[in-house]
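Only one structure is covered here, and it is reproduced in the block below.
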Amino acid sequence: MSETTTNCPFLSDTTATQGRRTNRDWWPNQLDLSILHQHSEKSDPMDPDFDYAAAFATLDLEAVKKDLVTLMTDSKPWWPADYGHYGPFFVRMAWHAAGTYRIHDGRGGAGSGDQRFAPLNSWPDNVNLDKARRLLWPIKRKYGRALSWADLFVLTGNTAIESMGLKSFGFGGGRADGWEPDADIDWGPEAEWLGDERYSGDRVLTSPLGAVQMGLIYVNPEGPNGNPDPMASARDIRETFARMAMNDEETVALVAGGHTFGKAHGAAPDSEYLAREPEGAPIEQMGLGWKNSFGTGVGDDTISSGLEGAWTPTPIEWDNSYFDTLFGYEWELTESPAGCKQWTPTDASASTTVPDAHDATKTHAPMMLTTDIALRTDPIYEPISRRFHENPQELADAF
Numbered sequence: 091m092s093e094t095t096t097n098c099p100f101l102s103d104t105t106a107t108q109g110r111r112t113n114r115d116w117w118p119n120q121l122d123l124s125i126l127h128q129h130s131e132k133s134d135p136m137d138p139d140f141d142y143a144a145a146f147a148t149l150d151l152e153a154v155k156k157d158l159v160t161l162m163t164d165s166k167p168w169w170p171a172d173y174g175h176y177g178p179f180f181v182r183m184a185w186h187a188a189g190t191y192r193i194h195d196g197r198g199g200a201g202s203g204d205q206r207f208a209p210l211n212s213w214p215d216n217v218n219l220d221k222a223r224r225l226l227w228p229i230k231r232k233y234g235r236a237l238s239w240a241d242l243f244v245l246t247g248n249t250a251i252e253s254m255g256l257k258s259f260g261f262g263g264g265r266a267d268g269w270e271p272d273a274d275i276d277w278g279p280e281a282e283w284l285g286d287e288r289y290s291g292d293r294v295l296t297s298p299l300g301a302v303q304m305g306l307i308y309v310n311p312e313g314p315n316g317n318p319d320p321m322a323s324a325r326d327i328r329e330t331f332a333r334m335a336m337n338d339e340e341t342v343a344l345v346a347g348g349h350t351f352g353k354a355h356g357a358a359p360d361s362e363y364l365a366r367e368p369e370g371a372p373i374e375q376m377g378l379g380w381k382n383s384f385g386t387g388v389g390d391d392t393i394s395s396g397l398e399g400a401w402t403p404t405p406i407e408w409d410n411s412y413f414d415t416l417f418g419y420e421w422e423l424t425e426s427p428a429g430c431k432q433w434t435p436t437d438a439s440a441s442t443t444v445p446d447a448h449d450a451t452k453t454h455a456p457m458m459l460t461t462d463i464a465l466r467t468d469p470i471y472e473p474i475s476r477r478f479h480e481n482p483q484e485l486a487d488a489f
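Using the numbering used here, you'd call the opening residue of the sequence shown number 91 and step up by one each time.
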C-alpha cells in the first residue's frame with residue numbers, strides 16, 4: 091500500500107505498490123517481447139472490418155451535443171455538480187486528455203482515449219476524473235461504437251465551453267479508440283508518484299518528457315517542487331508548454347481561459363481521507379478510485395488537487411473576470427485547508443465576491459495558484475496577459 095507523508099497531494103512521498111512478484115521482478119533485464127503484441131487484432135473488441143470513420147459519419151452530432159448540454163446541468167447526488175454545472179469538470183477532463191502530448195516523440199494526447207487506462211487513469215493529476223467518465227457512460231452507451239471515447243472526451247470539453255458562453259471553432263471527429271494501455275510510452279524514470287528525477291544540471295528536463303513530475307499533466311501548480319516562486323514557476327511553464335508545441339501567447343491563453351472556469355478542491359488533507367487511486371483500489375471499488383471519507387466525500391467536502399477555491403466570481407461563465415481578478419488585487423501567499431500553497435487577495439472585501447459551489451448562503455474570496463501569479467510577474471507573460479485583459483476577443487480567439 092502507498093502512503094502519503096505530507097498533507098498536500100503535490101508534495102506527496104509515496105512508495106511503490108506491493109504485491110506478488112512477477113518474472114520481471116525476478117529478472118528485470120529479461121528481454122520483453124510482449125510489446126510486439128500491442129493492439130493485436132486478436133484482442134481488438136471491434137469486428138475485423140469495422141471502420142470507425144464510417145461509423146462516426148452516421149452520427150447526428152447535434153443530437154449528441156444536445157444530450158451533452160442536458161448532462162451539464164443534470165447534477166447527480168453521488169457527484170454533485172459545482173455551481174450546478176459539470177462544464178468546468180469536463181473541461182478539465184478534456185484538457186488532461188490532450189495535455190499529455192509532447193512534441194519530442196509525438197506521444198500522448200487525446201487521440202486514442204488513453205485516459206481510460208493505467209497509468210493515466212490513476213495519475214495524481216487526474217484525481218476524480220474517473221467520475222467524469224462515469225457521468226459520460228450513459229451517452230457512450232447510447233451512441234455505442236459510432237462515438238469513440240476519445241472523440242467523446244474532446245467533444246464533451248468543447249460542448250462544455252460552448253454551454254458556458256464561448257463559441258468554439260467547431261469539432262473534428264475521427265479519433266479511434268485504443269483498447270489497451272500503450273506499454274511503450276516513456277512517462278519518466280521515477281519509481282514514486284510526483285518524483286522529479288527527470289532533471290539534470292540547471293533544471294534541464296530530459297527528452298522526450300514534458301511534465302515536471304511523474305503523474306502530473308504539465309507543471310506543479312504550487313511552483314517547482316511546491317516552492318511558491320512565481321518566476322521559477324514561469325520557467326517551468328514555458329518549458330513544459332513549449333514541449334506541447336505552445337508558444338508564450340498560446341500558453342497564456344490556455345492558462346487564463348482554462349482558469350476562467352470552475353474551482354479547485356482541497357477540503358482537507360488527502361493523506362487522512364483519500365483512499366487509493368483506481369488501479370490500486372480494492373475490488374469493490376474497481377473502476378473508481380480516491381474514495382473520500384471526509385464529511386460527505388462530495389460537494390464542498392471534495393478533495394482533488396488539495397488546492398481550494400475558484401479563480402473568478404463567475405465560475406461557469408466565459409468572461410474576462412480571470413484577468414479582472416488577477417490584476418484587480420494584490421496577492422499574499424496562504425495555504426488551503428489541505429495544506430497546499432496558494433494565493434489570496436490582501437483586500438478583505440474580496441471575501442464576499444465568489445459564490446460557494448453548493449451553498450447559496452456562503453461566499454468566498456477568489457484564489458490564484460503560483461502558476462497564475464506567474465502570468466503577472468514574468469516579463470514576457472505579463473504584457474501578453476494585460477493585452478488579453480484589454481482585448482477580450484483576442485483571448486477568446488486565442489483560447
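From the three backbone atoms N, C-alpha and C, an ideal C-beta is built for every residue, glycine too.
Mapping DSSP to helix, strand and coil, what is residue i?
{"i": "T94", "result": "Summary for T94: the model assigns pLDDT 43, below 50, so the residue's position carries little reliability; its value from the coordinates is reported in the next sentence. T94 falls in the coil class under three-state DSSP."}
{"i": "E472", "result": "helix"}
{"i": "K353", "result": "strand"}
{"i": "V217", "result": "coil"}
{"i": "I393", "result": "strand"}
{"i": "T162", "result": "The question names Thr, yet the displayed sequence has Met at residue 162. The answer is helix: DSSP assigns M162 an H, G or I state."}
{"i": "W239", "result": "helix"}
{"i": "A455", "result": "coil"}
{"i": "F478", "result": "helix"}
{"i": "Y289", "result": "strand"}
{"i": "W116", "result": "helix"}
{"i": "L378", "result": "coil"}
{"i": "L306", "result": "coil"}
{"i": "W169", "result": "strand"}
{"i": "D195", "result": "coil"}
{"i": "Q128", "result": "coil"}
{"i": "A106", "result": "Any answer about A106 is weak, because its pLDDT of 45 lies below 50 and its placement is not dependable; what the coordinates show is given next. In the structure shown, A106 sits in coil (DSSP, three-state: anything other than H, G, I, E or B)."}
{"i": "K257", "result": "coil"}
{"i": "L344", "result": "helix"}
{"i": "P320", "result": "helix"}
{"i": "Y142", "result": "helix"}
{"i": "R223", "result": "helix"}
{"i": "L416", "result": "helix"}
Identify which residue in the options has its Cα closest to the Cα of residue i.
{"i": "P170", "options": "G379, D215, D390, T246", "result": "D390"}
{"i": "G196", "options": "I275, G418, V159", "result": "I275"}
{"i": "L397", "options": "G352, G418, S124, K221", "result": "G352"}
{"i": "T453", "options": "T402, M376, A371", "result": "T402"}
{"i": "G174", "options": "K156, V217, A250", "result": "A250"}
{"i": "K305", "options": "R288, G356, L126", "result": "Rather than Lys, the amino acid found at residue 305 in this sequence is Gly. When only C-alpha atoms are compared, the closest one is R288."}
{"i": "T63", "options": "M254, P314, D468, G263", "result": "With the chain represented from 91 up to 489, any question about residue 63 goes unanswered, as that position is not in the structure."}
{"i": "S133", "options": "S441, T296, G268", "result": "G268"}
{"i": "V309", "options": "V159, P298, F259, L284", "result": "L284"}
{"i": "P298", "options": "P311, P279, G399", "result": "P279"}
{"i": "E422", "options": "S253, P473, A440", "result": "A440"}
{"i": "A322", "options": "Y363, A464, W277", "result": "A464"}
{"i": "K221", "options": "P209, S130, M376", "result": "M376"}
{"i": "L237", "options": "E252, V302, L158, E270", "result": "L158"}
What's the C-alpha gap between residue i and residue j?
{"i": "A188", "j": "G201", "result": "8 Å"}
{"i": "G316", "j": "I327", "result": "14 Å"}
{"i": "D286", "j": "R293", "result": "10 Å"}
{"i": "G198", "j": "L121", "result": "25 Å"}
{"i": "T104", "j": "E282", "result": "With a pLDDT of 46 at T104, under the threshold of 50, the modelled position of that residue is not reliable, and no figure is offered here."}
{"i": "E420", "j": "G347", "result": "21 Å"}
{"i": "Y471", "j": "I229", "result": "39 Å"}
{"i": "T246", "j": "S212", "result": "21 Å"}
{"i": "W227", "j": "W185", "result": "19 Å"}
{"i": "D241", "j": "N481", "result": "32 Å"}
{"i": "W380", "j": "V217", "result": "7 Å"}
{"i": "I373", "j": "G429", "result": "31 Å"}
{"i": "N113", "j": "N119", "result": "10 Å"}
{"i": "G300", "j": "D272", "result": "17 Å"}
{"i": "L219", "j": "Y233", "result": "21 Å"}
{"i": "A400", "j": "R235", "result": "37 Å"}
{"i": "I193", "j": "P469", "result": "25 Å"}
{"i": "E93", "j": "D139", "result": "Residue placement at E93 is flagged as unreliable, the pLDDT there being 45, under the threshold of 50; the coordinate-derived value follows with that caveat. Approximately 47 Å, taken between the alpha carbons."}
{"i": "F384", "j": "G356", "result": "11 Å"}
{"i": "T341", "j": "F331", "result": "6 Å"}
{"i": "D319", "j": "T467", "result": "10 Å"}
{"i": "F261", "j": "M254", "result": "16 Å"}
Can you tell me which residues form a DSSP beta bridge with residue i?
{"i": "P435", "result": "W421"}
{"i": "G399", "result": "A354"}
{"i": "P445", "result": "T453"}
{"i": "L295", "result": "Y289"}
{"i": "L364", "result": "N382"}
Does the beta carbon of residue i fall short of 7 Å from some heavy atom of the ligand GDP?
{"i": "V345", "result": "In the structure on display, the ligand GDP does not appear, and there are no ligands present to speak of."}
Chain B beta carbons: is any one of them nearer than 8 Å to that of residue i?
{"i": "E340", "result": "No chain B is present in this structure, which holds just one protein chain."}
Any chance the segment 423 to 439 sits against the segment 453 to 461, with 3 or more Cβ pairs inside 8 Å? Yes, they touch.
The segment 380 to 390 in contact with the segment 329 to 348 per 3-pair CB rule at 8 Å: Short answer: they don't touch.
Whether or not the segment 406 to 417 and the segment 366 to 379 are in contact is what I'm after, with contact meaning three or more pairs of Cβ atoms, one per stretch, closer than 8 Å; do they touch? With contact defined as three or more Cβ pairs closer than 8 Å, the segment 366 to 379 and the segment 406 to 417 are not in contact.
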